[in-house]
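Colleague: Going by the working numbering, the first residue of the sequence shown is number 37, and it counts up by one from there.
Ideal Cβ positions, reconstructed from N, Cα and C, are used throughout, including at glycine.
It should be emphasised that the depicted structure is a prediction, and the values quoted were computed from it without experimental measurement.
Questions regarding the structure given below will be posed in turn.
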Amino acid sequence: MTVRIALIGCGAIGTAALELLREDAGLSVAAIVVPADAFAATKDVAARLAPGAQVVSAVPAEGIDLVVEAAGHAAIEAHVLPALQRGTPCVVASVGALSAQGFAEKLEAAAVAGKTQVQLIAGAIGAIDALAAARIGGLDTVRYTGRKPPHAWKGTPAEQGRDLGALTAATVIFEGSAREAATLYPKNANVAATVSLAGLGLDRTSVRLIADPSVTENVHTVEAEGAFGNFELTMRNKPLAANPKTSALTVYSAVRALRNRVAALTI
Ligand SMILES: NC(=O)c1ccc[n+]([C@@H]2O[C@H](COP(=O)([O-])OP(=O)(O)OC[C@H]3O[C@@H](n4cnc5c(N)ncnc54)[C@H](O)[C@@H]3O)[C@@H](O)[C@H]2O)c1
């Protein structure tokens with residue numbers, strides 16, 4: 037059996053995923069959903085990487101077994117919610133969107149209405165399996181620290197009252213809950229939201245954001261403690277050339293989620 041996929045978004049993640057999925061016998065990208073202004077560029081990508089896919093502005097009502105989102109909050113509203121309500125399972129990459137008040141509940145309700153499931157990928161962060169399993173035994177504290185070079189925080193509240201270019205030592209630019217972090221730093225919300233949803237939730241997950249002139253990569257650290265014991269995980273992710281804000285690991289995580297839909301043995 038071949039799983040027919042509708043891919044929502046064909047930017048850095050979508051394109052890199054299409055490249056990796058070309059050889060997958062059990063998965064076929066049947067449709068690529070993008071806004072009208074992205075049709076021409078997406079048709080070029082489709083011709084090269086997914087010749088059988090139609091480029092469309094909405095998920096086709098028939099002939100789709102699985103929807104994969106890599107496009108953002110608005111696309112989840114426009115395409116994922118209706119697909120779930122129709123009963124089509126969905127895989128979501130823009131997990132940061134679930135930081136918006138009531139949005140996670142909205143997605144869950146749509147999946148319940150369609151008697152299907154929505155899967156959030158781990159994306160750029162690891163140990164989500166350990167964290168979600170540890171939650172079953174009870175978690176006491178979960179802390180996420182995001183460390184980036186100072187220039188990566190340009191255009192954020194981190195610029196208020198400080199000259200990012202003049203920093204000579206690691207500087208904490210935010211400390212608070214994951215919910216507050218998502219409001220103030222929405223473009224950095226994916227990892228904090230994923231850690232929160234797997235662990236203690238947006239209000240009880242502590243977030244620290246650091247501008248560090250001594251690092252060149254984006255460094256993510258998760259520390260968790262609970263009945264299971266404790267762990268500390270640090271990731272130094274390489275960015276995608278097509279979008280330096282997105283880690284290559286996010287693409288691999290999405291492809292893994294899709295392959296696990298058809299693999300006889302999954303891990
Ligand atoms: N979970 C994670 O760890 C993680 C990591 C990185 C990025 N992301 C998220 O994944 C998403 C995609 O990232 P990217 O780097 O590929 O971004 P990108 O900007 O390169 O590509 C976005 C694509 O979505 C399309 N798009 C935008 N609005 C749309 C809509 N309403 N309907 C359909 N398509 C629409 C664009 O045309 C484009 O093709 C972002 O929301 C980003 O926040 C998640």
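#1: Within 10 angstroms of the Cβ of Gly212, are there 16 or more other Cβ atoms? Answer buried if so, exposed if not.
#2: At the level of alpha carbons, what is the spacing between Gly47 and Ala188?
#3: Identify, in the order they occur along the chain, each residue of the same chain with its Cβ nearer than 6 Å to the Cβ of Glu261, setting aside the five sequence neighbours on each side.
#4: Do Asn273 and ligand 1 come close, with the Cβ less than 7 Å from some heavy atom?
#5: Just grab the DSSP bridge partners of Pro96 for me.
#6: Return yes when the Cβ of Thr124 is within less than 8 Å of the Cβ of Leu156, no when it is not.
#7: CA-CA distance, Ala147 and Ile41?
#8: Could you tell me the alpha carbon to alpha carbon distance between Ala106 and Ser250, rounded to whole angstroms?
#9: Closest to Lys274 by CA distance: which of Phe267, Glu268 and Ser283 is it?
#10: Touch check for the segment 227 to 239 and the segment 163 to 171: three-plus C-beta pairs under 8 Å?
#11: Taking Phe139 as the reference, give the member of Ala97, Ala53, Leu269 and Arg215 with the closest Cα.
#12: Quick one, which of His115, Arg244 and Ala97 has its alpha-carbon nearest Pro71's?
#13: Assign Ile303 to buried or exposed, taking buried as 16 or more other Cβ atoms, counted over all protein chains shown, within 10 Å of its Cβ.
#14: The beta strand (DSSP E) that contains Asp176, what's its start and end?
#15: Let's test the definition: count the other Cβ atoms within 10 Å of the Cβ of Ala190 and tell me whether it reaches 16, buried, or not, exposed.
#16: Straight-line CA distance for Gly265 to Gly174?
#17: With distance defined between alpha-carbon atoms, name the residue in Thr270, Tyr288 and Glu268 nearest to Leu276.
Modeller: Per the coordinate set shown:
#1: exposed
#2: 20 Å
#3: Only Asp176 and Thr177 meet the Cβ criterion.
#4: Judged by the Cβ position, Asn273 fails to qualify as a neighbour of ligand 1 at the 7 Å threshold, every heavy atom of the ligand being at least this far.
#5: Pro96 pairs with nothing; no bridge assigned.
#6: no
#7: 17 Å
#8: 31 Å
#9: Ser283
#10: yes
#11: Comparing Cα positions, the closest option is Arg215.
#12: His115
#13: Per the 10 Å Cβ criterion, exposed.
#14: Leu175 to Lys184
#15: Just to set this straight, residue 190 is Lys in the shown sequence, not Ala. An exposed status is given to Lys190, since fewer than 16 other beta-carbon atoms sit within 10 Å of its beta-carbon.
#16: 10 Å
#17: Considering only alpha carbons, the answer is Tyr288.
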